[in-house]
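In the working numbering, the protein residues as written are 6 to 100. Below is one structure; the comments refer to it alone.
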């Protein structure tokens with residue numbers, strides 16, 4: 006569980022992931038990959054250097070997997086940073 010102070014080094018909203026922590030969806034938890042803020046992140050790991058995020062199209066709409074039964078995700082590797090910051094409700098630029 007995320008408490009005041011520093012975010013955990015890794016967290017996920019996936020129930021099957023040992024890093025499961027629903028607080029990863031907190032609006033004040035900001036996640037960066039190679040210095041660029043990321044959106045729609047479902048899992049992050051600062052030590053292993055990756056995020057998993059929902060795939061979106063050019064208009065920012067969620068994409069479905071090939072079977073069409075789940076939202077598609079992608080794993081992206083790089084330098085991951087998670088911090089508590091100021092969220093801006095309704096402001097979600099495309100990642």
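Built from N, CA and C at the ideal position, the CB exists for glycine as well.
Self-check item: Continuous beta strand (DSSP E) assignments of at least 3 residues falling wholly in the stretch 25-56
Solution: 34-38, 41-43, 46-50
Quiz item: Hey, residue 41 and residue 29 are a contact pair by Cβ (cut 8 Å); roughly how many whole angstroms apart?
Solution: Contact doesn't hold; Cβ gap of about 18 Å is too wide.
Exercise. Please check the pair residue 33 and residue 85, which I expect to be a contact at CB under 8 Å, by giving their CB distance rounded to whole angstroms.
Key: 17 Å between Cβ atoms; not a contact.
Quiz item: Given residue 99, which residues of its chain have a CB within under 7 Å of its CB, disregarding the five upstream and five downstream residues?
Solution: Because residue 99 carries a pLDDT of 46, less than 50, the predicted location of this residue cannot be relied on, and no value is offered for it.
Quiz item: Relative to the C-alpha of residue 15, which residue among 89, 48, 88 is closest?
Solution: 48
Self-check item: Among 83, 58, 87, nearest to residue 77 - alpha-carbon criterion
Solution: 58
Exercise. Give the straight-line distance between the Cα atoms of residue 81 and residue 90, rounded to the nearest whole angstrom.
Key: 22 Å
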